Structure formats: C-alpha cells, structure tokens
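Peer 1:
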Amino acid sequence: MSTSGPPQFRYTQTPSKVLHLRNLPWECSEEELVELCKPFGKIVNTKINVGANRNQAFVEFPDLNQAIQMVSYYASSSEPAQVRGKTVYIQYSNRHEIVNNKSPGDNPGNVLLVTMEGVEAGDVSIDVIHLKKLFCLFSVEEEQLRMYFRLLALCTKLLPLKKQLAFRYLLPEHVGSCNLRISYSAHTDLNIKFQSHRSRDYTNPYLPVNPTAIDGSLQVTHGNHFSRIYSFFLAQHVTSSHLQLAVGPDGRKKEPESNVLLASIENMQYAVTVDVLHTVFSAFGNVQKIAIFEKNGSTQALIQYPDIATASVAKEALEGHCIYDGGYCKLHLSYSRHTDLNVKAYSDKSRDYTIPDASLLAASSQIPWQNHQAMPAYGGNAYNAPPGVPGMPHQAPTGQSPGPGPGYGSNPGSYGGHTSYQPQPPMHPYGNTAAGPPHSSPHIS
DNA sequence: AGCACA
-16 MSTSGPPQFR
-6 YTQTPSKVLH
4 LRNLPWECSE
14 EELVELCKPF
24 GKIVNTKINV
34 GANRNQAFVE
44 FPDLNQAIQM
54 VSYYASSSEP
64 AQVRGKTVYI
74 QYSNRHEIVN
84 NKSPGDNPGN
94 VLLVTMEGVE
104 AGDVSIDVIH
114 LKKLFCLFSV
124 EEEQLRMYFR
134 LLALCTKLLP
144 LKKQLAFRYL
154 LPEHVGSCNL
164 RISYSAHTDL
174 NIKFQSHRSR
184 DYTNPYLPVN
194 PTAIDGSLQV
204 THGNHFSRIY
214 SFFLAQHVTS
224 SHLQLAVGPD
234 GRKKEPESNV
244 LLASIENMQY
254 AVTVDVLHTV
264 FSAFGNVQKI
274 AIFEKNGSTQ
284 ALIQYPDIAT
294 ASVAKEALEG
304 HCIYDGGYCK
314 LHLSYSRHTD
324 LNVKAYSDKS
334 RDYTIPDASL
344 LAASSQIPWQ
354 NHQAMPAYGG
364 NAYNAPPGVP
374 GMPHQAPTGQ
384 SPGPGPGYGS
394 NPGSYGGHTS
404 YQPQPPMHPY
414 GNTAAGPPHS
424 SPHIS
C-alpha cells in the first residue's frame, strides 16, 4: 500500500514555482510564453526550445502560489492553455528553479548552438557552399552546418549575431523566411562519429562516412520528423593544437597527409628543374621521385618521400618560402593524393631516384650536358633571367657554383646519401641556361 | 505530450 507510485504514474506532482510546458508550437517565442503565463504572476525566468523537438519550455514565477494558481486554473478550465491555437500542457517542473547556464554572452565557448526557425529538414544543406556563405560573414574560417559541425569560429565576432539573423538567401526559394538564433553551447568538443548529411568533422579527414546517412531523405532521429526548428551545434573553435594535424593555419580543410607533396611554384622567374627541386627537398630526407608538370598555366611538382613524416617536415619548413631571393619561385605545398608516383625514371620533367640504374644513367648522361653547359630541355624557355631584374640575387656571372649553396636548408648534405646519383647543381651561368638566377644556388628564403 | 546542449 504505497502512497506514491513510480514517477511516471504520479498524478500529483510536488508544486514548484517552475512550470514545465510542452506541446508548444514551434514558433512559440519567449514573449508568447510570457503572455500566456503573466496573468498569474511575473515571469522571472524562462527556458524555451527545450527537448529534442524544442517544443517544451520552462517558466519560473517568483512565488510558488502563482505557479499553483496557473496549474490549478488550467486544470479546471474548460479552455485549455493555448499558444497560437495549439493546446499547451502545463505541469509543475520537477525542479525548483530554472538554471540558465547558457547565458550566451556571458559564457563564450568555442561551440555555437544555432537554431534555425521555419525551415524543413531538407531545406538546409550541409553543403559547404551554404556554410561558406554564411560564416564567411563572421570570420568563421571553417564551415559546416546541420546537426553538428565543427567550425573554426571566432566566437567573439559572432556575438552581434545573437540577434536573429535573416539568411534566407541561403535557402531554397520556397522557404519564406528563416531566422537563426545563435548562442554558445556548453560543449567544448563535439564528438562526431562519422561524416554524414547531418554531421561533419572537418578536422578529421579520416572519419568514416556513414553511407546510409550521407544522402537521401533526412532521417530525423527524434521521432517527429517534421519538427520545424532545428538546432545545430554549429561552430567549434578548434585550437591550434587541434588543428595541427588536420587544418592548416589558415583554417582551411587540410588534405590527408601523404608522403607525396604537391608543390605549386609561384612567380617562377627562373626555371625550376628537377635538380633544383631535388636539392631543395633533399634537405629534409631522401627524395624518391619528382615529377614536374604544368597546370592552369603554372608550374607544379610532385615530390615523393618515403614516408609522411619526412614529407610533413618538408612541407612545414618550405611552405611559403622562395627558392631564390627576391620572391622568386615561391613554394606552396600541399599533400598530394598520390602515394607512389609513376614517373619516367629520367626525363627533364621527372626523376625516379629509387631506380639505381636510372640514377647511374642519369648521372652519366648528365655529364656531357654539364660539360657543354647546354641542357636542351631548358634551352630557349621563358624563364631566362632577364638582364637587370631588380633585386636579382648574385649578379656576378662568373663561374659555376659546384654544389648546393649553404643557405637553402638545414641539412644540405642529406640529399646525396641514398644513391650514387649526384644532383646536378641547379645553378647555371647567367645567360647560359635558364635554370636559375646567375651564380645563385637555390636556397630557401 | 512527459523535464533542461542531441
């Protein structure tokens, strides 16, 4: 003969000055909530958008009796409590005060909670383009949107956005309007299990893709599949330590690491040959293969190391640096998708240093070229250093430097150790070939 | 429609 059953069967609840309201319409604003409750007393605190479907709320009266009056009134009223014609169910909360630890402006965090009002599930795409558009406005450097995204966000700059933000231009035409509410989440690190149409972790390119979730109609996991308010944990400021492995210093998504580097060469005033690249990149370890090619009118090269670690060190060390003084031949490095280059063992645009025969061939076949100082591959190309280039390094046209210059890397001797191949000094007498600035070794500046 | 950042 117990006097109280299990909680789910309680017909009476301990009165509380906090009331729990449910079955609210999705549009229900805090103001409407207050309108409903204020006949019974002043509302001192609220919490709206509660629950999986964001259609519950809490209100707090200063006095317990006011809450009792409201519950009692609607318990005996023939007219149910309504918001926008929808019946709202009211009961005592099982807590006695509303704890609002969100107070967005006061507790900035690195994760943003973004609530979108008035959109259907399918209206908002997780596509990069949406987030790019949206968050570039706020100096957010990395993007995504849907249920959970990691973002690089400068949250302080997002503060002005706590106001509702119209962003209908991001949405399909049939969507009349949509507002965003942005607040700080209490989360500090979102645990993204897989990449899908509704979750994305831009810092982890290796995260598995959920094949059933990446496409097709949205499966809303919270039952009501057309809850029309979606809340997203949208923005996560990822610290630099988080980013080291996955996101570059500019915040852009970093490609998966690879033992092969893709080098784009900017301002290629002088020819960048296989040998030049070999010299430069060998400072960080054995270079296995090199391939040079043209893409979109600029020169790119693939440089293969035996392992990712070496490639990574080279990439970090060389990124943004110039092979020659004066801003010439500036390197931009990224990881290639390749892991093993299929290149001709020896040509003017490629080299495979892993093939001993090819190395010997390379070495021997180079000798006559060196002797004649005529390298057909470079003859007459557009990279001849013009006379009188301002800032041209090392103008003295006399003689050839016999080896790599001292300045280009921290370990200039390391390149020669792995095969009998000796890289041809990449510098050539001024005006004779176009392989480099006159009498100048490639060195990184 | 059932208690608070899935």
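Just so we're aligned, residue -16 is where the first sequence starts under the working numbering, counting upward by one. Each residue gets a CB set at the ideal place from its N, CA and C atoms; glycine is no exception. Being a predicted model, the structure only gives us computed values, none of them experimental.
Identify the continuous beta strand (DSSP E) that holds Q74 and give its terminal residues.
Peer 2: Element bounds for Q74: 72 to 75.
Peer 1: Does the distance from the C-beta atom of L244 to that of L316 stay below 8 Å?
Peer 2: It is a contact, given that the beta carbons lie within the stated cut-off.
Peer 1: Identify, in the order they occur along the chain, each residue of the same chain with its Cβ nearer than 7 Å to the Cβ of G363, setting aside the five sequence neighbours on each side.
Peer 2: A caution first: G363 carries a pLDDT of 31, below 50, which makes its placement in the model unreliable, though a value can still be read off. Counting only Cβ-Cβ distances below 7 Å, and skipping sequence neighbours, we find nothing.
Peer 1: If you drop the 5 nearest sequence neighbours on each side, which residues of the same chain put their C-beta closer than 8 Å to that of S(-1)?
Peer 2: Once the five neighbours on either side are set aside, the close Cβ partners of S(-1) are L47, A50, Y75, S76, N77, R78, H79.
Peer 1: Just mark G268 as buried or exposed, buried being the case when its beta carbon has 16 or more other beta carbons within 10 Å.
Peer 2: Classification of G268: buried, given that the 10 Å Cβ count is 16 or more.
Peer 1: Got a sec? Which residues, its chain only, sit under 6 Å from Q39 by beta carbon, not counting five neighbours each side?
Peer 2: So the list reads R5, V33, once near-sequence residues are dropped.
Peer 1: Which word fits G24, buried or exposed, when buried means at least 16 other C-beta atoms lie within 10 angstroms of its C-beta?
Peer 2: It counts as buried.
Peer 1: Opposite F41 in the DSSP bridges: which residues?
Peer 2: F41 pairs with H3, K30.
Peer 1: Residues in the same chain with beta-carbon distance under 6 Å from I291, minus the five sequence neighbours each way, listed in chain order, please.
Peer 2: Taken in chain order, the residues that qualify are E240, N242.
Peer 1: Where S247 and P191 are concerned, what is the direct C-alpha to C-alpha distance, given to the nearest angstrom?
Peer 2: Using only the alpha carbons, I get a separation of about 30 Å.
Peer 1: Hey, out of V54, E10, I81, N250, whose CA is closest to G303's CA?
Peer 2: The candidate whose alpha carbon is nearest that of G303 is N250.
Peer 1: Return the Cβ separation of S333 and I275 in integer angstroms, given the expectation that the two are a contact with Cβ distance under 8 Å.
Peer 2: That pair is a contact at about 7 Å.
Peer 1: Rounded to the nearest angstrom, what separates V82 and N279 at their Cα positions?
Peer 2: One C-alpha to the other measures close to 58 Å.
Peer 1: Can you tell me whether Y57 is buried or exposed, with buried defined as 16 or more other CB within 10 angstroms of its CB?
Peer 2: So Y57 ends up on the buried side.
Peer 1: How is Q178 classed by DSSP in three states: helix, strand or coil?
Peer 2: Strand, per DSSP.
Peer 1: So, at 6 Å on beta carbons, what are the nonlocal neighbours of A360 in its own chain, with the 5 sequence-adjacent residues on each side left out?
Peer 2: With a pLDDT of only 32 at A360, under 50, the local geometry of the prediction cannot be trusted, and no value is derived from it.
Peer 1: Taking 7 Å as the line, does the beta carbon of E240 fall inside it for any heavy atom of the ligand MG?
Peer 2: The ligand MG is absent from the structure shown, which contains no ligand whatsoever.
Peer 1: Among T70, N187, E14, whose alpha-carbon lies nearest the alpha-carbon of V27?
Peer 2: The shortest Cα separation from V27 among T70, N187, E14 belongs to E14.
Peer 1: What's the gap between the Cα of Y307 and the Cα of L285?
Peer 2: Taking the straight line from one Cα to the other gives about 19 Å.
Peer 1: What does the Cβ neighbour count give for D340, buried or exposed, with the cut at 16 atoms within 10 Å?
Peer 2: D340 should be labelled exposed.
Peer 1: Which residue comes first and which comes last in the beta strand (DSSP E) that contains I273?
Peer 2: Per DSSP, I273 belongs to the beta strand (DSSP E) from 272 to 278.
Peer 1: Between C20 and V42, how many whole angstroms is the CB-CB distance? I'm expecting something under 8 Å.
Peer 2: Yes, C20 and V42 are in contact; Cβ-Cβ is about 5 Å, under 8 Å.
Peer 1: Along the chain, where does the alpha helix (DSSP H) that runs through I338 open and close?
Peer 2: No alpha helix (DSSP H) contains I338, which DSSP labels as neither H nor E.
Peer 1: Which class does Y56 belong to by DSSP, given the choice of helix, strand or coil?
Peer 2: Helix, per DSSP.
Peer 1: Looking at P8 and V66, is the spacing between their C-beta atoms short of 8 Å?
Peer 2: Contact flag set, yes.
Peer 1: Go ahead and label H355 buried or exposed: buried means 16 or more other beta carbons lie within 10 angstroms of its beta carbon, across all protein chains shown.
Peer 2: For H355, the predicted model reports a pLDDT of 35, less than 50, meaning its position is unreliable; a value from the coordinates is still stated below. Under this definition H355 is an exposed residue.
Peer 1: When burial is assigned at 16 or more other CB atoms within 10 Å of the CB, is T293 buried or exposed?
Peer 2: Flag for T293 reads buried.
Peer 1: Could you please give me the residues that DSSP links to Q(-4) through a beta bridge?
Peer 2: Beta-bridge pairing links Q(-4) to no other residue.
Peer 1: To the nearest angstrom, how far is it from the Cα of T337 to the Cα of Q283?
Peer 2: Straight-line Cα distance between these residues: approximately 21 Å.
Peer 1: What are the boundary residues of the beta strand (DSSP E) that C326 is part of?
Peer 2: For the sequence presented, residue 326 should be read as Val rather than Cys. Careful: V326 lies outside any beta strand (DSSP E) and carries neither H nor E.
Peer 1: Sorted by chain position, which residues of the same chain lie with C-beta nearer than 8 Å to T70's C-beta, five sequence neighbours on each side aside?
Peer 2: So the qualifying residues of the chain are N6, P63, A64.
Peer 1: Kindly indicate the opening and closing residues of the alpha helix (DSSP H) around A300.
Peer 2: Run containing A300: 291 to 301, per the alpha helix (DSSP H) assignment.
Peer 1: Return the residue from the list Q52, M53, T256, H3 that minimises the CA-CA distance to C312.
Peer 2: When each option's Cα is compared against that of C312, the closest is T256.
Peer 1: Determine the direct distance from the alpha carbon of I273 to that of Y329, and round the result to whole angstroms.
Peer 2: Distance between the alpha carbons of Y329 and I273: 10 Å.
Peer 1: For the alpha helix (DSSP H) that H315 lies in, which residues bound it at each end?
Peer 2: Counting along the chain, H315 falls outside any alpha helix (DSSP H), though it belongs to the beta strand (DSSP E) covering 311 to 318.
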